[in-house]
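Quick notes on the structure that follows.
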Amino acid sequence: DQQVKQNSPSLSVQEGRISILNCDYTNSMFDYFLWYKKYPAEGPTFLISISSIKDKNEDGRFTVFLNKSAKHLSLHIVPSQPGDSAVYFCAAITTSGTYKYIFGTGTRLKVLA
Amino acid sequence: EAQVTQNPRYLITVTGKKLTVTCSQNMNHEYMSWYRQDPGLGLRQIYYSMNVEVTDKGDVPEGYKVSRKEKRNFPLILESPSPNQTSLYFCASRGSYEQYFGPGTRLTVT
Numbered sequence: 016d017q018q019v020k021q022n023s024p025s026l027s028v029q030e031g032r033i034s035i036l037n038c039d040y041t042n043s044m045f046d047y048f049l050w051y052k053k054y055p056a057e058g059p060t061f062l063i064s065i066s067s068i069k070d071k072n073e074d075g076r077f078t079v080f081l082n083k084s085a086k087h088l089s090l091h092i093v094p095s096q097p098g099d100s101a102v103y104f105c106a107a108i109t110t111s112g113t114y115k116y117i118f119g120t121g122t123r124l125k126v127l128a
Numbered sequence: 304e305a306q307v308t309q310n311p312r313y314l315i316t317v318t319g320k321k322l323t324v325t326c327s328q329n330m331n332h333e334y335m336s337w338y339r340q341d342p343g344l345g346l347r348q349i350y351y352s353m354n355v356e357v358t359d360k361g362d363v364p365e366g367y368k369v370s371r372k373e374k375r376n377f378p379l380i381l382e383s384p385s386p387n388q389t390s391l392y393f394c395a396s397r398g399s400y401e402q403y404f405g406p407g408t409r410l411t412v413t
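For the record, the sequence lines run as chains A and B.
Take the first sequence: its letter number 64 is residue 79 in my numbering, and every next letter is one higher.
Take the second sequence: its letter number 26 is residue 329 in my numbering, and every next letter is one higher.
Structure representation (structure tokens):
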């Protein structure tokens with residue numbers, strides 16, 4: 016049972032345009048969500064996060080939106096740059112108990128110059 | 304520099320030959336974990352540790368062992384590797400919510 020789903024394995028976007036990466040979850044106990052970025056031959060690195068008490072969090076070109084009723088979050092990258100080409104993982108955790116992380120399967124973003 | 308290190312980065316071995324992948328972090332984090340990444344399956348947790356001498360199974364623990372004798376180190380042990388353990392492995396440590404990952408160990412079991 017995949018509790019965190021990224022239904023788009025890949026996405027291609029023109030440089031300068033908006034990239035939108037989506038993530039759906041099923042467990043209503045998740046209350047904190049994170050996005051990680053992974054380049055080839057490197058470990059994932061933390062990008063941005065959002066608490067369930069918010070519906071939006073911005074950090075520069077990156078914005079994460081959370082729709083709790085739909086159990087859906089999205090990462091917007093504006094404007095997209097070639098250096099953003101990577102695999103993006105969303106993750107969800109329950110901040111009580113063991114803080115166990117559940118990762119999605121990842122979306123490979125390719126930004127075309 | 305805050306970091307998580309793993310060794311080796313690449314390993315090719317044969318079925319049944321015991322191996323250990325080391326992991327060390329310099330951030331004084333209590334929580335550490337191991338993941339494997341496989342195509343189409345994302346990152347799946349193998350084992351995690353909440354603190355020294357406290358370890359627990361993740362989602363895919365079969366065939367693996369871990370130990371946490373010191374806060375900074377969290378080795379992953381494959382007592383009898385099999386070809387289905389061919390994968391990319393990541394160690395991670397966590398402060399608050401964000402995890403810090405090592406560079407990965409690509410393991411091939413033939």
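Backbone N, C-alpha and C fix where the C-beta goes; we use that ideal spot for every residue, glycine too.
When CB distances to chain B are screened at a threshold of 8 Å, the residues of the stretch 55-82 of chain A falling below it are Ala56, Glu57, Gly58, Pro59, Thr60, Phe61, Ser64, in chain order. Neighbours of Glu401 (chain B) across chain A, judged by C-beta separation under 8 Å: Leu49, Phe61, Ser64. The C-beta of Leu410 (chain B) comes no closer than 8 Å to any C-beta of chain A. Under the three-state reduction of DSSP, Asn329 (chain B) is assigned to coil, being neither helix nor strand. The criterion of a C-beta distance shorter than 8 Å is satisfied by Gln309 (chain B) and Thr325 (chain B). Per the coordinates, the alpha-carbon of Thr122 (chain A) lies some 6 Å from the alpha-carbon of Ser23 (chain A). Rounded to whole angstroms, Phe377 (chain B) and Arg371 (chain B) show a C-alpha spacing of 5 Å.
The beta-carbon of Thr109 (chain A) is placed no less than 8 Å from the nearest beta-carbon of chain B.
Listed as beta-bridge partners of Gln309 (chain B) by DSSP are B:Cys326. CA-CA distance, Pro364 (chain B) to Ile349 (chain B), rounds to 5 Å. Boundaries for Asn376 (chain B): no beta strand (DSSP E) harbours it, and the DSSP string shows neither H nor E there. Taking the beta carbon of Pro406 (chain B) as reference, the chain A residues within 8 Å of it are Ala56, Glu57, Gly58, listed in sequence order.
Non-local C-beta neighbours of Ala128 (chain A) in its own chain, meaning closer than 6 Å and more than five positions away in sequence, comprise Glu30, Pro97, ordered along the chain.
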